[in-house]
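Trainee: Have a look at this one.
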Amino acid sequence: MKMIAQRLPSKLENVAPFIREVLVLMKKFHLSEEDTFHIKLSLEEALTNAMRHGNKLDPSLFVDVNLEVDEQKVVMKIRDQGDGFDEARLGDPTALENSQKPGGRGVFLIRQLMNEVEYFDGGRGVKMVKLTARKA
Amino acid sequence: MSLEIKVQEREPGVYLITPVGEINTDTALDFEKTSREFLPKAKAFVFDLERMTYISSMGLSSFFRIKQSIEEKGGTILLVHVSAQVQKVFDVVKIFSEAMMASLEQADEHLDSFLDDVQKGKIEPKSSSA
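Written out as structure tokens, the structure reads:
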């Protein structure tokens, strides 16, 4: 198993370099392209949500990331220092009345792409699990 | 994770825009800004997504705002060559499903019909609240 633990200041320009680092690590596990796409997207959505909506892009606040990768799964925990949020209060982004609202799409995508999603600490943290397949 | 954007005016007011790379947190605003530069003259944007390897919800929001802007002036957008993985992201906002075309030829046919309807006054600009 490989692990990454990192504390990122809440600046959006920190997202892409961190994801690149994660992708380098995941390459060693020969994940399928589809799984890699889903993990990358869910990680980007969770990190940008934590920085933008959780920490309000305050660079003095941090986002803590813990990743564990093994042969069967990828587990990602992302936690911000904001006020937390309640997923149930987000509208369905596929509903016509919500189609023009920008929020909620990232949260919805994570639900679609991950095998397990669990919010903790009043919504300040999210744990995402992707069960992985090897490349054919 | 860089993005290159190629733009070709296929006929007056009809722009073929080809993003090459990823539309993510870093690149979404540049993509939107570049597309908007052609908005004043645009009747239609055709986005060829064959070489767009990734899109996040930030990119999705950019596409959504571009769609709103061009529809407000009576134009339209079409998406061609959308991969299965990218389509899954677009499916979050279901209103893009009618804009998806399998090929440029299909997009051309659709546009011919659309522009014909515009000339005949059958299509009105959409308000942003519609």
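Chains as they are written, first to last, in my numbering: chain Y, 85 to 220; chain E, 32 to 161. The beta-carbon is built from N, C-alpha and C at its ideal position, and this holds for glycine as well.
1. Can you give me the C-alpha to C-alpha distance between Y:H137 and Y:E128, rounded to a whole angstrom?
2. If we count Cβ pairs, one from each stretch, closer than 8 Å, do we get three or more for the segment 61–69 of chain E versus the segment 91–108 of chain E?
3. Which chain Y residues are close to E:Q118, counting only those with a beta carbon under 7 Å from its beta carbon?
4. For the segment 154–177 of chain Y, list every residue whose C-beta sits within 7 Å of some C-beta in chain E, in sequence order.
5. Quick one: what's got a C-beta closer than 7 Å to E:L70's C-beta in the same chain, skipping five residues either side?
6. By the 10 Å Cβ neighbour count, where 16 or more other Cβ atoms means buried, how is E:F76 classified, buried or exposed?
7. Please determine, among E:L109, E:I108, E:S144 and E:Y85, the residue with the shortest C-alpha to C-alpha distance to E:A7.
8. In angstroms, rounded to a whole number, what distance separates the CA positions of E:Y46 and E:A130?
9. Compare the C-beta of E:M132 with all C-beta atoms of chain Y and state if any pair is closer than 8 Å.
10. List, in chain order, every chain E residue whose beta-carbon is nearer than 8 Å to that of Y:R189.
11. Can you look up E:G44 in the DSSP assignment and give me helix, strand or coil?
12. For a contact meaning CB atoms closer than 8 Å, what does E:D61 contact in chain Y?
13. Should E:V111 go down as buried or exposed, given a rule of 16 or more other Cβ atoms within 10 Å for buried?
14. What are the start and end residues of the beta strand (DSSP E) that includes Y:G209?
15. Please report how far the alpha carbon of Y:S144 lies from the alpha carbon of Y:G166, in whole angstroms.
16. Compare the beta carbon distance of Y:K161 and Y:K211 with 8 Å and say whether it is the shorter of the two.
Mentor: Once the coordinates are examined:
1. 13 Å
2. yes
3. Those within 7 Å of E:Q118 in chain Y number zero; the least Cβ separation is about 12 Å.
4. P177
5. S100 and I101
6. buried
7. The structure shown has nothing for residue 7 of chain E, since chain E only spans 32 to 161.
8. 15 Å
9. No, because no Cβ of chain Y sits closer than 8 Å to the Cβ of E:M132.
10. S88, L91, S92, V123 and V124
11. coil
12. Correct list: empty, because the minimum Cβ distance to chain Y is about 13 Å.
13. buried
14. G209 to L215
15. 12 Å
16. yes
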